[in-house]
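Presented below is the structure to which this report refers.
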Amino acid sequence: MTPTIPMSSVVALLPEMIVAGFACLVLMFDLLLPRDKKDPLAWFSLAGVALAAFATWRIKYAEISAFADTFVVDPYSNFFKFIFYVIVLLVILLSRAYLKQDRIHLGEYYHFVLLVLTGMMVMVSATDLITVYMGLELVSVTLYIMAALKRYESRSTEAGLKYFILGSFSSAVLLYGMSIVYGVAGTTNLQGIGAYLNGAGPNPAATAGLIMMVVGLAFKVAAAPFHMWAPDVYEGSPTPITAFMSVGPKAAAFAVTLRVLIEAFGGLKSDWEVILTVVAVLTMFVGAVIAMVQTSLKRMLAYSSIGHAGYALIGVVVGDALGTFSVMYYLAVYAVMNLGAFGVMIMLRNAGLMGEEIDDLKGLSKNHPWAALFMLIFMFSLAGIPPTAGFIAKFYIFMSAVNAGYIWLAVVGALLAAVSAFYYIRVIVVMYFQEPDGEHVLTLNAGMKAALVFSVLFVLLLGVYPEPLVNYTQSAILNF
Numbered sequence: 011m012t013p014t015i016p017m018s019s020v021v022a023l024l025p026e027m028i029v030a031g032f033a034c035l036v037l038m039f040d041l042l043l044p045r046d047k048k049d050p051l052a053w054f055s056l057a058g059v060a061l062a063a064f065a066t067w068r069i070k071y072a073e074i075s076a077f078a079d080t081f082v083v084d085p086y087s088n089f090f091k092f093i094f095y096v097i098v099l100l101v102i103l104l105s106r107a108y109l110k111q112d113r114i115h116l117g118e119y120y121h122f123v124l125l126v127l128t129g130m131m132v133m134v135s136a137t138d139l140i141t142v143y144m145g146l147e148l149v150s151v152t153l154y155i156m157a158a159l160k161r162y163e164s165r166s167t168e169a170g171l172k173y174f175i176l177g178s179f180s181s182a183v184l185l186y187g188m189s190i191v192y193g194v195a196g197t198t199n200l201q202g203i204g205a206y207l208n209g210a211g212p213n214p215a216a217t218a219g220l221i222m223m224v225v226g227l228a229f230k231v232a233a234a235p236f237h238m239w240a241p242d243v244y245e246g247s248p249t250p251i252t253a254f255m256s257v258g259p260k261a262a263a264f265a266v267t268l269r270v271l272i273e274a275f276g277g278l279k280s281d282w283e284v285i286l287t288v289v290a291v292l293t294m295f296v297g298a299v300i301a302m303v304q305t306s307l308k309r310m311l312a313y314s315s316i317g318h319a320g321y322a323l324i325g326v327v328v329g330d331a332l333g334t335f336s337v338m339y340y341l342a343v344y345a346v347m348n349l350g351a352f353g354v355m356i357m358l359r360n361a362g363l364m365g366e367e368i369d370d371l372k373g374l375s376k377n378h379p380w381a382a383l384f385m386l387i388f389m390f391s392l393a394g395i396p397p398t399a400g401f402i403a404k405f406y407i408f409m410s411a412v413n414a415g416y417i418w419l420a421v422v423g424a425l426l427a428a429v430s431a432f433y434y435i436r437v438i439v440v441m442y443f444q445e446p447d448g449e450h451v452l453t454l455n456a457g458m459k460a461a462l463v464f465s466v467l468f469v470l471l472l473g474v475y476p477e478p479l480v481n482y483t484q485s486a487i488l489n490f
C-alpha cells in the first residue's frame, strides 16, 4: 500500500513550502530577465514572504503535530516565524541599492535569503532532533555561501571559508551530541527524550550528549567562548548579509535552544543551567569589553551582537515561563534595532562611503541630521537607554533573573550593560561632536526609507507602549 501524507501535515508545512517554492522560482525568473532589469526579483521575493505570512496567520491559532510528531505548528513557532518575516522584509528593502553598487548577483542573493528563511522556519517548528538538524544545516550551508558572495573581494571569500570550517566543526559536535542522546534515550523525539530522562534518573552519557549539543548551539548564537568566528565573518561579509545573519539565524538558534532544553532536557536543568550561566557571563563580558577597543563599526556591532546573546542567555538560564517570555521579547526587539543600525551603515555605503568605520560617521549630524538621529535612536536602544524598546527588553531579562533568584546574574548583566553603553555613546559623539571630512549625498529609495522609518517607530513606540508585543509574546509562551 502506498503511504500517504495526511492533509494536516501538508497544511502545517504550507508556509515553508511557499517560501521554498518562491526561492526556486526566483532562480528561474533570474534566468529569464535581462541583466539590467532584475528589480522585479526583490518584489517577487517579498510577495513570497507576504504569502507565507498570510498562510501562517491563517493557522496561527491551530496546534498541528505533523510528520509523525517531528514537526509542529503552535503559537511559539508562529511567533518566531512572524519575526523572521519582518527580518526578511527589512533586509530585502535595505539591500536593493547596495547589491547593485557592489555587483552582487540579485537572483542568487534573493534565492539564498529565502532558503535561509525556509531553514529558520523548519528549525522553530522542529520537535525532533533530526528535523532540528535538517533545518539548522539548511541555514548554515546557505550562510556559508552568502558570506562569500563578493567573489572579487578577498575578505568576503575569507569570511565564507572561515565560517564554513568553524561552522562545520560545530555542526559535527552538535550531531555527535545528538547521536549520544539517541543512544541513551532510544528516540530523537524531544518529548520522548524528556520522558525517558525524567524517569531514568542521573545519566552521565545523557549529560555528555547534552554538553556537546550546548556547545554546538552556543556556536550558532555566537556565545563565548565559541564566538571566535563572528567578528571576522561579520566584517568580511557584505553588509546586508551581516545584518541578516546577526539577527535571523541567531533568533532561530535561540528558539531551538529553548525548545530543546525545556522539552527534552528539563530533567537535567541542574546540569545545563550551570553551564549556561558561565557561558552567559563570559559572553556578556567579551561583548562589552572587546567592543570598546574597536575602530570598525562592523566589528563593534559584531561584538555587540555577542554581548546581546549573553543577555538573552540569562533568560534561557532562568528557564521558566517568564524567562522564556523575556528571551522571545528580547529577540524580537533586538532584531529590529540591530537591523536599523546596519541600515544606516548601508545608507552610508550607498553615498560613496564604506560606512564600516566609526570615523565614517564623523559630523553626520551636520550633513545629514535625520540619518544621525536614526543612528542615535538605534544606539540608545542597543545600549538599553530609555525610552526605547531596548530598555524594556533588558528590563524583562533582568526581572526574570531576579524573580527566579538569580539576583547576582542580573546585577552582573546590568553592570556590563552599563559598560557597553560606552561604545554606543562613542558612535553618537563621533556623529554630533566631530567635524565631517567632506560632504556626501545620501540617496534613499522608497524601500530603504520605509524600512528605516518602520525600525525607528518600532523602537520608539515599544519603548513607551510595549503592551502589544508583550501581549502577543505572552499568548505564544502560554502554549509552550
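Each position in the sequence shown, counted from 1, maps to that position plus 10 in our numbering. Even for Gly, the Cβ is constructed at its ideal location relative to N, Cα and C. From a predicted model like this one, the values you see are computed outputs, not experimental measurements.
- Close CB contacts of residue 236 within its chain, under the 6 Å cut and outside five residues either way in sequence, are with 228, 229 (chain order).
- Under the DSSP definition of a beta bridge, residue 76 partners with 81.
- Under DSSP, residue 65 forms no beta bridge with any residue.
- When the beta-carbon positions are compared, residue 93 and residue 83 stay at least 9 Å from each other.
- Residue 138 has 199 as its beta-bridge partners, per DSSP.
- In the same chain as residue 61, and ignoring 5 residues on each side of it, the C-beta atoms closer than 8 Å to its own belong to 28, 32, in chain order.
- One thing to note: residue 345 has its Cβ within 9 Å of the Cβ of residue 96.
- Residue ranges of uninterrupted alpha helix (DSSP H) with 4 or more members, entirely inside the region 280 to 353 and ordered along the chain, are 307 to 328.
- For residue 266, the enclosing alpha helix (DSSP H) stretches over residues 249 to 269.
- When C-beta atoms of the region 326 to 334 are compared with those of the region 399 to 411, three or more pairs fall below 8 Å, so the two segments count as touching.
- Rounded to the nearest angstrom, the gap between the Cα atoms of residue 53 and residue 275 is 42 Å.
- Between residue 343 and the set 232, 398, 293, 22, the nearest pair of CA atoms involves 398.
- Nearest in C-alpha terms to residue 280, of all of 267, 67, 212, 337, is 212.
- By the Cβ criterion, the region 118 to 133 is not in contact with the region 160 to 178, since fewer than three pairs of Cβ atoms, one from each stretch, lie closer than 8 Å.
- For residue 396, there is no enclosing alpha helix (DSSP H), since its DSSP letter is neither H nor E.
- Note on residue 198: 16 or more other CB atoms within 10 angstroms of its CB, so buried under the neighbour-count rule.
- Scanning 195, 244, 454 for the CA closest to the CA of residue 380 turns up 454.
- Residue pairing for residue 366: DSSP places it in no beta bridge.
- Here residue 445 is exposed. Its C-beta has fewer than 16 other C-beta atoms within 10 Å.
- Runs of beta strand (DSSP E) with 3 or more residues, each lying fully within the region 93 to 123, are absent.
- Scanning its chain for C-beta atoms nearer than 8 Å, with the 5 sequence neighbours on each side dropped, one finds around residue 422 the residues 291, 294, in chain order.
- Here residue 88 carries a helix assignment [DSSP, helix/strand/coil].
- The straight-line gap separating the alpha-carbon atoms of residue 405 and residue 46 is approximately 48 Å.
- Judged by pairs of C-beta atoms under 8 Å, the region 427 to 435 touches the region 295 to 308, as three or more such pairs exist.
- Note on geometry: alpha-carbon atoms of residue 117 and residue 148 lie some 18 Å from one another.
- At the C-beta level, residue 341 and residue 90 come within 9 Å of one another.
- The C-alpha of residue 112 is placed about 17 Å away from the C-alpha of residue 123.
- For residue 377, the enclosing alpha helix (DSSP H) covers residues 374 to 377.
- Residue 483: member of the alpha helix (DSSP H) spanning 477 to 487, first to last residue.
- Cβ contact annotation for residue 302 (same chain, cutoff 7 Å, sequence separation greater than five): 432, 433, in chain order.
- Check the Cα spacing between residue 447 and each of 191, 371, 487: the tightest is with 371.
- Nearest in C-alpha terms to residue 267, of all of 43, 184, 21, is 184.
- Here residue 316 is not near residue 253, since their CB atoms are 9 Å or more apart.
- In the structure shown, the three-state DSSP call for residue 177 is helix.
- By the neighbour-count criterion, in which 16 or more other beta carbons inside 10 Å mark a residue as buried, residue 164 falls on the exposed side.
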